[in-house]
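By my numbering, the letter at position 35 of the sequence shown is numbered 312, and the numbering carries on one by one without gaps.
Just so it is clear, CB atoms sit at the ideal spot from N, CA and C, and this is done for glycine as well.
All values derive from a computational prediction rather than experimental measurement.
Here the structure is laid out as structure tokens; the discussion comes afterwards.
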Amino acid sequence: MRKIIMCVVVFLFVHVQLASAQGLELSEATTNVGKSAFISGFDITLKFKGGGNLLDVTGNDQRVRATYLWDFPSSINAGICGGFFKNMPFVGPYVTFAPFSFLSFLEWVGWSGGKPDNPGTEINFFFHDTAVFLNIKSFTLSYVHENFMEEEVSIPGVTYETPINNDFEFSIGVDYKFSKDSKDEPLFHMGVSYSPE
Numbered sequence: 278m279r280k281i282i283m284c285v286v287v288f289l290f291v292h293v294q295l296a297s298a299q300g301l302e303l304s305e306a307t308t309n310v311g312k313s314a315f316i317s318g319f320d321i322t323l324k325f326k327g328g329g330n331l332l333d334v335t336g337n338d339q340r341v342r343a344t345y346l347w348d349f350p351s352s353i354n355a356g357i358c359g360g361f362f363k364n365m366p367f368v369g370p371y372v373t374f375a376p377f378s379f380l381s382f383l384e385w386v387g388w389s390g391g392k393p394d395n396p397g398t399e400i401n402f403f404f405h406d407t408a409v410f411l412n413i414k415s416f417t418l419s420y421v422h423e424n425f426m427e428e429e430v431s432i433p434g435v436t437y438e439t440p441i442n443n444d445f446e447f448s449i450g451v452d453y454k455f456s457k458d459s460k461d462e463p464l465f466h467m468g469v470s471y472s473p474e
């Protein structure tokens, strides 16, 4: 467990240094706990911005990933995401489209080298996420359709966010996982975000 935590810390530190070298500045740091379509266990996320481009680095005891997005016209951000899930490397395209300030869409696909806990050179389909997010004041309504390895799930959810002070924000949410291959279940999560001024 200590080795995994140290690997996550080193991964995050290296990407902080790379972000600084690219002229990107920290825009948000978040810790989340629980489960959702994009949260698993205890997550730490660092987000950087610069020149319209974005770098998102997330890690926990099972996975680490980095997403770099370029800013394109028509409210599109597109780039690449790569990392490790249970020692297995993965990579794939990541695209967001936000036609309005309150509405955004996500398309994210990944392919892996080998299988979880058994990395290799064989290229396999890993996941495909399609999502829509609707912001209404302090609430975010979400719907995610996910193919994760051999499992297909649909995950609607709602998250409530409220400021703690000028720099910190608290969030709490509940999703519900509808699965074609396993048991349906509710997913609960909460987090704290820091956004330096």
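Taking Pro393 as the reference, give the member of Thr417, Glu429, Glu384, Phe367 with the closest Cα. Taking the sequence shown and counting its residues from 1, one reaches residue 393 at position 116. Closest option to Pro393, Cα to Cα, is Phe367.
Where are the beta strand (DSSP E) runs, 3 residues long or more, that stay fully inside the segment 356-402, in chain order? Counting only runs of 3 or more residues that sit fully inside the segment 356-402, the beta strand (DSSP E) segments are 365-377, 380-392, in chain order.
What is the DSSP secondary structure of Ile413, reduced to helix, strand or coil? The residue given as residue 413 occupies position 136 in the sequence shown. Looking at Ile413 - three-state DSSP - the assignment turns out to be strand.
Since Leu303 sits in a beta bridge, which residues does DSSP pair it with? Along the sequence shown, read from residue 1 onward, the residue named residue 303 stands at position 26. Bridge pairing for Leu303: Phe325 [DSSP].
Per DSSP, the bridge partner or partners of Glu474: For the purposes of this step, residue 474 is taken as the residue at position 197 of the sequence shown. In the DSSP output, where bridge partners are listed per residue, Glu474 has none listed.
Taking Cβ positions, are Leu380 and Thr407 nearer each other than 9 Å? Numbered from its first residue, the sequence shown carries residue 380 at position 103. Numbered from its first residue, the sequence shown carries residue 407 at position 130. No, the Cβ-Cβ distance between Leu380 and Thr407 is not below 9 Å.
Cα separation between Lys454 and Asp348? Translated into the one-based positions of the sequence shown, residue 454 becomes position 177. Translated into the one-based positions of the sequence shown, residue 348 becomes position 71. C-alpha separation (whole angstroms): 32 Å.
Can you tell me whether Thr365 is buried or exposed? The criterion is at least 16 other CB atoms within 10 Å of its CB, across all chains shown. Taking the sequence shown and counting its residues from 1, one reaches residue 365 at position 88. A quick correction: the sequence has Met, not Thr, at residue 365. Per the 10 Å Cβ criterion, buried.
Check this for me: beta carbons of Asp458 and Lys312, under 9 Å apart or not? For the purposes of this step, residue 458 is taken as residue 181 along the sequence shown, with counting starting at 1. For the purposes of this step, residue 312 is taken as residue 35 along the sequence shown, with counting starting at 1. Result no, Cβ atoms of Asp458 and Lys312 do not sit closer than 9 Å.
Roughly how many whole angstroms lie between the Cα atoms of Ser456 and Glu427? The residue given as residue 456 occupies position 179 in the sequence shown. The residue given as residue 427 occupies position 150 in the sequence shown. Rounded to the nearest whole angstrom, the CA to CA distance from Ser456 to Glu427 is 11 Å.
Mind checking Gly329: buried by the 16 CB within 10 Å criterion, or exposed? Along the sequence shown, one-based indexing puts residue 329 at 52. Classification for Gly329: exposed.
Quick check: Glu446 and Thr439, are their CB atoms within less than 9 Å of each other? Residue mapping note: residue 446 aligns to position 169 of the sequence shown, counting from 1. Residue mapping note: residue 439 aligns to position 162 of the sequence shown, counting from 1. In this structure, Thr439 lies closer than 9 Å to Glu446 by Cβ.
Would you grab the beta carbon distance between Gly387 and Phe404 for me? Rounded to a whole angstrom, and I think it's under 8 Å. Within the sequence shown, residue 387 is the residue found at index 110, counting from 1. Within the sequence shown, residue 404 is the residue found at index 127, counting from 1. Approximately 5 Å separates the beta-carbon atoms of Gly387 and Phe404; this is inside 8 Å, confirming the contact.
Let me know the secondary structure DSSP gives Glu446 once reduced to three states. In the sequence shown, counting from the first residue as 1, residue 446 sits at position 169. In the structure shown, Glu446 sits in a strand (DSSP, three-state: E or B).
Name the one or two DSSP bridge partners that Lys454 has. Against the sequence shown, residue 454 aligns to sequence position 177. In the DSSP output, where bridge partners are listed per residue, Lys454 has Glu462.
Is Thr322 near Glu305, with beta carbons less than 9 Å apart? One-based indexing of the sequence shown puts residue 322 at position 45. One-based indexing of the sequence shown puts residue 305 at position 28. Contact: yes.
State the start and end residues of the unbroken beta strand (DSSP E) segment that holds Glu429. Translated into positions along the sequence shown, residue 429 becomes position 152. 428-440 is the span of the beta strand (DSSP E), which, as asked, contains Glu429.
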